[in-house]
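Asks: Each residue of the sequence shown is one higher than the one before, starting from 609 at the first, in the numbering used here. Handing you this structure, nothing more for now.
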Amino acid sequence: MKITAAEVFVGGPGKNYVTLKIMTDQGIYGLGDATLNNRETLPAAYLQDYLIPCLIGRDPRNSEDIWQYFYRGAYFRGGPIAMAAYGAIDMALWDIKAKLADMPLYQLFGGKSREGALVYAHAQGTDLEELLDSIAGYQEQGYKAVRVQCGIPGMPSASYGVSAQKGKAHNYITDFQGDAPHEEIWDTDKYLRFIPRALDRIRGQFGDELKLLHDVHHRLLPREAAQLGKELEPYRLFWLEDPTPAEDPAALRLIRQHTTVPIAIGEVFNSLWDCKQLIEERLIDFIRISATYGGGITHLKRIVDLAALHEVRTGFHGAPSHSPISMAAQAHLNAWAPNFGIQEYLVLDTPECDALFPSEHRVENGLFHVSDQPGLGVDFDESEARRYSYKRGFHPVARLEDGTLWNY
Ligand SMILES: [Mg+2]
């Protein structure tokens, strides 16, 4: 069996999905996702200019050797651009392998460990009242877990994960206007004063059963994060996410010394080596890396196994920037992983997205039910894809009120 061709498509409804399609001499094709949010043309160029020419003629069933060929074979290893490109190839090869076996992908990992995988939705409000309504809406739809993000009283800009305007819940991060990111103002003191009060109100209104998550988005210093963790302990968070910048494992030691709040980190990680110390020293409770820029299924499965050895559970990144292809790759891992924790899930099933990526995966009552179609269980409609083209977008940047640049 040989790879005969591969093509990269960039674009999509409201997002620049980077989709890889690998064709074989037996008519079976595989799909991969290389969407690196707001840097989408870079993995696409890496695939087209350097990787696809090396793929032609190789046996697609040798996914391990092909992964090692690109990772070990490169002198400059890793990083989000390269790992997104390797990840897309790897997903497509597993898709081909499972289609050859005529099985849903999770069967190749060891079958299902659960019927439905717990997901969490994003509740948000420009103020607490709007957030409470947003949480109630998700609870009515059957969600058992929600991430709660709220505008901070007196803060001049929207805080992370909150739309700037009331009632506008979608696309609150990527800005497709202008030639540079817009700038937001961050005020740590106002944030630290408000969040425990907000969690007190949320827990009081929604009771004990609803699982609550909160994303700090790297905004705190280690001592501040330790203080916040302690203050939030009475509200029994499912997790506190990214309390400090993820590249500093020593910060987590300080936080761990002061609080038992569960910690989730890693959505910006690209490799096992980024995760290793945090997992081995048990400095986190959930690992957040994704199949997209974490090198695909081959590499992610190794991370899941290392995490299992240390009682760290999975909580893969699931921002809307990931296409339904990588969400499917993660869904198959979630169906199998003995140390599965939760999956971030943002509703992507607009009619346009469904037409571009047809699939039978479904979320019901807050659980993700993986499709039993052979392979990843997601298809890609090339005629739909031709309706879309690349559009440059930016994440905002954050500054303190005095102008000092801060962590976004
Ligand atoms: Mg996050």
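Think of the CB as a built atom: it goes at the ideal place given N, C-alpha and C, for glycine as much as any other residue.
Got a sec? Which residues, its chain only, sit under 8 Å from P982 by beta carbon, not counting five neighbours each side?
Replies: Contacts found: A706, K707, A709, D710, M711, P712.
Asks: Indicate whether L984 and A937 have their beta-carbon atoms separated by less than 8 Å.
Replies: Their beta carbons are under 8 Å apart, which means L984 touches A937 by this criterion.
Asks: Between L941, A859, F988, which has its C-alpha nearest E1052's C-alpha?
Replies: Only positions 609 to 1016 of the chain appear in this structure, which leaves residue 1052 out of reach.
Asks: As an exercise, report each continuous alpha helix (DSSP H) stretch of at least 4 residues that is fully enclosed by the region 644-673, in chain order.
Replies: Entirely contained in the region 644-673, the alpha helix (DSSP H) runs reaching 4 residues are, in chain order, 649-654, 660-663.
Asks: For D808, which of helix, strand or coil comes out of DSSP?
Replies: It is helical.
Asks: Measure how close the beta-carbons of H866 and K909 come, nearest whole angstrom, since I'm counting them as under 8 Å.
Replies: Wrong, their Cβ atoms sit about 34 Å apart, outside the cutoff.
Asks: Measure the beta-carbon distance from E792 to S771 and round it to whole angstroms, keeping in mind my assumption that it falls under 8 Å.
Replies: Going by Cβ atoms, the distance from E792 to S771 rounds to 12 Å, so no, they are not a contact pair.
Asks: Along the chain, which unbroken stretches of the beta strand (DSSP E) at least 3 residues long are found entirely within the region 938-994?
Replies: Entirely contained in the region 938-994, the beta strand (DSSP E) runs reaching 3 residues are, in chain order, 970-972, 975-977.
Asks: Between L886 and the rest of its own chain, which residues show a CB-CB distance below 6 Å, the 5 nearest in sequence each way excluded?
Replies: Correct list, in chain order: P857, I892.
Asks: Alpha carbon to alpha carbon, how far is K610 from L800? Give it in angstroms, no decimals.
Replies: Taking the straight line joining both Cα atoms gives about 57 Å.
Asks: Name the two residues that bound the continuous beta strand (DSSP E) containing Q732.
Replies: 725-733 is the span of the beta strand (DSSP E), which, as asked, contains Q732.
Asks: Quick one: using the 10 Å Cβ neighbour count with 16 as the cut-off for buried, is T868 buried or exposed?
Replies: Result: exposed.
Asks: Please report the residue range of the beta strand (DSSP E) in which D641 lies.
Replies: Taken as a continuous stretch (DSSP letters only), the beta strand (DSSP E) holding D641 covers 637-641.
Asks: CB-CB under 7 Å to Y654, same chain, minus the five flanking residues each way: which ones, in chain order?
Replies: So the qualifying residues of the chain are I689, A690, A693.
Asks: Check whether the Cβ of L644 lies closer than 8 Å to any Cβ atom in chain D.
Replies: Absent here is chain D; the protein component of the structure consists of one chain.
Asks: Verify whether the separation of the beta carbon atoms of H969 and V978 is less than 8 Å.
Replies: Yes. Within cutoff.
Asks: Taking G687 as the reference, which of H825, L650, W1014, L914 has the closest Cα?
Replies: Per the Cα distances, L650.
Asks: Could you compute how far the alpha carbon of D787 sits from the alpha carbon of A613?
Replies: About 35 Å.
Asks: Since A753 contacts K819 with CB under 8 Å, what's their CB separation in whole angstroms?
Replies: About 4 Å; that satisfies the 8 Å criterion.
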